[in-house]
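Trainee: Chains as they are written, first to last, in our numbering: chain A, 1 to 131; chain B, 132 to 271. For glycine and all other residues, C-beta sits at the position ideal for the given N, C-alpha and C.
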């Protein structure tokens with residue numbers, strides 16, 4: 001992996017972004033629950049955890065300036081309840097990069113770990129953007 | 132709730148109204164400030180013609196419906212595959228619904244396979260997908 005940030009052109013299947021760490025604090029969970037009209041259930045909603053991974057992905061993927069990227073599909077597996085206050089680590093890698101006509105599709109693999117407890121979520125996200 | 136989960140059972144509908152305020156709240160909570168979601172003047176100049184909601188906001192509503200139907204079986208053992216087919220926009224009213232297509236067993240554990248969709252007020256499909264849920268004692 002190069003020391004400098006990679007460009008979109010340099011992303012190839014197998015590339016791993018540096019892991020991103022998030023604390024799922026009570027204030028984060030409360031803010032997320034308010035945003036999705038959800039009730040406070042005493043644990044972290046699984047999609048709140050995914051939201052952290054997607055945000056990490058959005059910050060990591062070096063899209064050309066002005067590019068509009070569209071979230072095309074999402075696969076997820078929830079592997080365990082996560083308590084409020086947990087610290088998670090999001091691992092994101094490039095699974096596929098496909099150019100088809102005027103569009104390009106970037107497929108990313110997500111693996112999320114609750115530090116000290118193991119894997120809590122895994123999935124794939126496909127992002128569509130102009131080629 | 133265990134015995135209530137049967138093939139053909141309908142899930143939802145859950146009805147949610149999308150506003151720019153909700154989109155902004157979601158951006159703040161998730162940290163995803165892509166201008167296509169939050170910058171109305173930028174979004175107006177794109178082919179989309181205006182801001183759109185985060186796909187994950189619509190998917191959060193799907194998860195809320197699944198949690199309501201299956202409880203911990205969904206939260207700790209749920210799987211989904213979703214396609215974002217159209218964008219949800221401020222002013223849209225979304226109806227999220229689903230159906231238990233079949234119930235199966237694998238390694239002595241029962242699973243429900245469900246289909247779901249999220250449509251706007253014009254009946255345009257925003258999200259479609261499939262979900263598999265482990266049926267725990269507290270979810271059937």
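1. Take every Cβ of the segment 2-17 of chain A, pair it with every Cβ of the segment 43-52 of chain A, and state whether three or more of those distances are shorter than 8 Å.
2. Using only CA atoms, which one of A:126, A:6 and A:5 lies nearest to residue 72 of chain A?
3. Determine which residues of the segment 14-32 of chain A have a Cβ less than 8 Å from any Cβ of chain B, and write them out in chain order.
4. Could you list the residues in the segment 58-70 of chain A with a C-beta less than 7 Å from some C-beta on chain B, going in chain order?
5. Comparing the CB of residue 21 of chain A with every heavy atom of the ligand ATP, is any distance shorter than 8 Å?
6. Kindly say whether residue 43 of chain A, judged by its beta-carbon, lies nearer than 9 Å to any beta-carbon of chain B.
7. Helix or strand or just coil, what does DSSP make of residue 7 of chain A?
8. Taking Cβ positions only, does residue 52 of chain A come closer than 9 Å to chain B?
9. Check whether the Cβ atoms of residue 256 of chain B and residue 193 of chain B lie closer than 9 Å to each other.
10. Buried or exposed, going by whether 16 or more other CB atoms sit within 10 Å of the CB of residue 45 of chain A?
11. Can you check whether the C-beta of residue 104 of chain A is within less than 9 Å of a C-beta belonging to chain B?
12. Closer than 7 Å by beta-carbon distance: list the chain A residues that pair up with residue 201 of chain B, in chain order.
13. Quick one: any contact between the segment 214-231 of chain B and the segment 76-95 of chain A, if contact means 3 or more CB pairs under 8 Å?
14. Just how far apart, CA to CA, sit residue 263 of chain B and residue 113 of chain A?
15. Spell out whether any CB of chain A is found under 9 Å from the CB atom of residue 142 of chain B.
16. Return helix, strand or coil for residue 34 of chain A, following the three-state DSSP convention.
17. Quick one: what's got a C-beta closer than 6 Å to residue 129 of chain A's C-beta in the same chain, skipping five residues either side?
18. Taking a contact to mean a Cβ-Cβ separation below 9 Å, would you say residue 157 of chain B touches residue 187 of chain B in this structure?
19. Which residues in chain B sit within 7 Å of residue 37 of chain A, going by Cβ to Cβ distance?
20. By the 10 Å Cβ neighbour count, where 16 or more other Cβ atoms means buried, how is residue 1 of chain A classified, buried or exposed?
21. Whole angstroms are fine: how far does the CA of residue 107 of chain A sit from the CA of residue 19 of chain A?
Mentor: Reading off the structure:
1. no
2. A:126
3. 28, 31 and 32
4. 58 and 68
5. As presented, the structure is devoid of all ligands, the ligand ATP included, so that no description of it is given.
6. yes
7. coil
8. yes
9. no
10. buried
11. no
12. Near residue 201 of chain B there are no residues of chain A at all, since even the closest Cβ is about 11 Å away, more than 7 Å.
13. no
14. 21 Å
15. no
16. helix
17. 67, 69 and 104
18. yes
19. 147
20. Unreliable positioning characterises residue 1 of chain A in this predicted model, as indicated by a pLDDT of 47, which lies under 50. The coordinate reading is nonetheless provided below. Label assigned to residue 1 of chain A: exposed.
21. 17 Å
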